[in-house]
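>
2 protein chains.
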Amino acid sequence: MPSKSDNVTMDAVYTAPGYLFRRMQQIAVAIFMEECRAHDLTPVQFAALVAIQTHPGIDATRLSAVIAFDRSTLGNVIERLETKGYIERKPSSGDKRIKLLYQTRAGAALLREIMPSVDRAQARMLQPLKPADRKTLMALLTQLVDLNNEASRVPLRAEDALQHLGRSG
Amino acid sequence: MPSKSDNVTMDAVYTAPGYLFRRMQQIAVAIFMEECRAHDLTPVQFAALVAIQTHPGIDATRLSAVIAFDRSTLGNVIERLETKGYIERKPSSGDKRIKLLYQTRAGAALLREIMPSVDRAQARMLQPLKPADRKTLMALLTQLVDLNNEASRVPLRAEDALQHLGRSG
DNA sequence: CAATTATTGACAGCATACTTACAATATGGC
DNA sequence: GCCATATTGTAAGTATGCTGTCAATAATTG
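So the protein lines, in turn, are chains C and D. For the first sequence, the residue numbers in the numbering used here are 22 to 190. For the second sequence, the residue numbers in the numbering used here are 22 to 190.
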């Protein structure tokens with residue numbers, strides 16, 4: 022606690038949860054990019070590619086809900102994945118507004134190849150902690166993200182994709 | 022654990038530390054922006070403003086080390102703070118390359134006014150957890166960020182600013 | 001069935017975050 | 001003092017992440 026109420030110190034930044042979350046995110050991205058450099062795939066593109074593989078024929082709006090991504094941003098991500106040949110966009114026969122997303126053979130191959138690097142990256146992020154502490158941190162973070170889901174601008178809606186699978190074509 | 026080794030599920034995304042860190046960062050920024058909407062200041066701009074108040078006459082390179090920010094990004098952040106009238110850039114008498122950063126009266130006033138909102142935002146981020154769990158999470162996260170400091174592209178170097186105070190003019 | 005409302009994808013704009021490159025300037029060794 | 005090297009700020013380019021808006025199309029409702 023600072024001695025004077027109007028004298029802000031750097032502790033107001035360094036001990037703030039928001040600062041630590043941003044810092045950890047920076048570190049996580051740096052480690053991911055370092056491990057996956059050879060595969061030319063960002064963390065976001067990886068998540069999108071996995072989601073498209075898991076939910077073939079999903080559309081962009083539902084994809085954004087499945088990986089808790091902003092829809093506007095996702096458009097560019099999809100475009101990059103398409104340019105690189107990892108996914109395809111096909112018009113829907115039922116709904117002329119939407120474009121269905123499918124993984125290509127190259128996309129599936131890339132995902133197989135990159136998994137070890139991704140696993141290494143994820144392990145490296147937590148490596149400095151003792152195993153028990155890693156579990157504690159992940160448990161608390163999982164809880165917190167879940168309980169704060171509605172606070173983010175793009176809440177996670179993992180179920181929407183399943184609804185979709187039951188209707189479109 | 023998936024039953025087939027080549028069949029990736031969304032768990033590969035949802036349980037990955039990197040995904041949780043990104044998600045938590047999204048949530049933290051959303052909460053900060055919501056609480057501080059009236060003050061027209063982003064989390065990054067807030068950190069920069071605090072650092073400039075704490076280290077008057079710091080230059081951009083040292084500032085980037087003090088708040089663990091990319092130097093290129095920081096150029097734009099500084100420009101926005103200057104445009105809004107919260108800081109000033111003055112040439113250094115000793116080194117013609119650098120521009121020294123100072124907080125304006127308006128910047129100091131803004132910082133005073135915004136602190137309650139910032140505190141509220143930081144509290145809200147952790148609120149869903151029990152008090153004991155908040156402490157545990159912050160302690161582990163502080164450790165992890167510190168131990169992973171060198172892994173990020175812009176490691177935190179809090180001391181550099183102090184070195185600077187002892188030489189420039 | 002027609003009119004309102006909602007959804008979808010695209011786009012423009014702002015703000016981080018990082019990479020590389022560059023010009024101006026400092027600093028070091030010689 | 002001169003030259004190789006390093007530092008500083010800036011800019012261009014890429015990639016998220018968000019806010020809006022818009023047109024096309026669907027779905028709903030009177």
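Even for Gly, the Cβ is constructed at its ideal location relative to N, Cα and C.
Rounded C-beta distance between Ala86(D) and Gly96(D)? I'm assuming under 8 Å.
Not quite, the Cβ-Cβ distance comes to about 15 Å (not below 8 Å), so this is no contact.
> Using a cut-off of 7 Å between C-beta atoms, extract the partners of Cys74(D) located in chain C.
Contrary to the premise, residue 74(D) reads as Gln rather than Cys in this sequence. Ordered by position in chain C, the residues that pass the 7 Å Cβ test against Gln74(D) are Val29.
> Verify the CB distance criterion: does Asp116(C) have a CB-CB separation below 8 Å to chain D?
Chain D contact via Cβ: absent.
> Judging by CA-CA distance, which residue of Cys57(C), Val71(C), Phe90(C), Ser114(C) is the nearest neighbour of Met31(D)?
Of the listed residues, the one whose Cα sits closest to Met31(D) is Val71(C).
> Strictly below 9 Å CB to CB, what residues from chain D border Gly106(C)?
By Cβ distance, chain D contributes nothing, its closest Cβ being about 19 Å from Gly106(C), past 9 Å.
> How about Pro38(C): is its C-beta nearer than 8 Å to some C-beta of chain D?
With 8 Å as the cut-off, Pro38(C) counts as an interface residue toward chain D.
> Need the endpoints of the beta strand (DSSP E) that Ile108(D) sits in, please.
It spans 108 to 112 - the beta strand (DSSP E) in which Ile108(D) sits, taken as one unbroken run.
> When Cβ atoms are compared, which residues of the segment 44 to 64 of chain D fall closer than 7 Å to chain C?
Against chain C - using a Cβ distance shorter than 7 Å - the residues of the segment 44 to 64 of chain D are Arg44, Met45, Gln46, Gln47, Ile48, Ala49, Ala51, Ile52, Phe53, Pro64.
> Name the chain D residues that come within less than 7 Å of Asp154(C), Cβ to Cβ?
Correct list: Leu161.
> So Leu84(C) and Leu122(C) are supposed to be a Cβ contact under 8 Å. How far apart are they, rounded?
The Cβ separation is near 7 Å, so the contact holds.
> Note down, in chain order, every chain C residue with its Cβ under 8 Å from the Cβ of Arg174(D).
Here the neighbours are Gln47, Ala51.
> CA-CA distance, Phe90(D) and Arg101(C)?
The straight-line gap from Cα to Cα measures roughly 27 Å.
> Should the segment 146 to 159 of chain D be called in touch with the segment 159 to 172 of chain C, which here means at least 3 C-beta pairs below 8 Å?
Result yes; three or more Cβ-Cβ pairs closer than 8 Å.
> Residues of chain C with CB under 8 Å from Val166(D), in chain order?
Within chain C, the residues near Val166(D) are Leu41, Arg44, Met45, Ile48.
> Is any beta-carbon of chain C found at less than 8 Å from that of Pro112(D)?
Chain C, which has no Cβ nearer than 8 Å to the Cβ of Pro112(D), makes this no.
> What residues in its chain sit with their C-beta under 7 Å from that of Ala33(D), if we drop five residues either side in the sequence?
No residues qualify anywhere along the chain.
> Strictly under 8 Å for the Cβ-Cβ distance: is Leu183(C) near chain D by that measure?
Caution applies to Leu183(C), whose pLDDT of 47 falls short of 50 and renders its modelled position unreliable; the value that the coordinates give is listed next. Leu183(C) does not count as touching chain D.
> Consider the Cβ of Gly187(C): report whether some Cβ of chain D lies at a distance smaller than 8 Å.
Confidence in Gly187(C) is poor, its pLDDT being 37 and thus under 50, which makes the residue's placement too unreliable to answer from.
> In three-state terms, what does DSSP make of Asp80(D)?
Here Asp80(D) sits in strand by DSSP.
> Can the beta-carbon of Gln46(C) be found less than 8 Å from the beta-carbon of Arg43(D)?
Going by C-beta atoms, Gln46(C) is nearer than 8 Å to Arg43(D).
> Assign Pro38(C) to buried or exposed, taking buried as 16 or more other Cβ atoms, counted over all protein chains shown, within 10 Å of its Cβ.
Buried is the call here.
> DSSP three-state label for Leu147(C), please.
Looking at Leu147(C) - three-state DSSP - the assignment turns out to be helix.
> Give the range of the alpha helix (DSSP H) segment to which Leu62(C) is assigned.
Looking at the DSSP string, Leu62(C) is not in any alpha helix (DSSP H), and its letter there is neither H nor E.
> Which same chain residues end up closer than 6 Å to Ile73(D) when comparing Cβ atoms and leaving out the 5 residues on each side of it in sequence?
Excluding residues within five positions, the ones whose Cβ falls inside 6 Å are Ile108, Leu122, Gln124.
> Against Leu84(C), what residues of chain D qualify as contacts under a CB-to-CB distance less than 9 Å, listed in chain order?
Neighbours of Leu84(C) on chain D: none; closest Cβ ~12 Å, over 9 Å.
> Would you mind stating whether Ile88(C) and Ala68(C) have Cβ atoms separated by less than 8 Å?
Yes.
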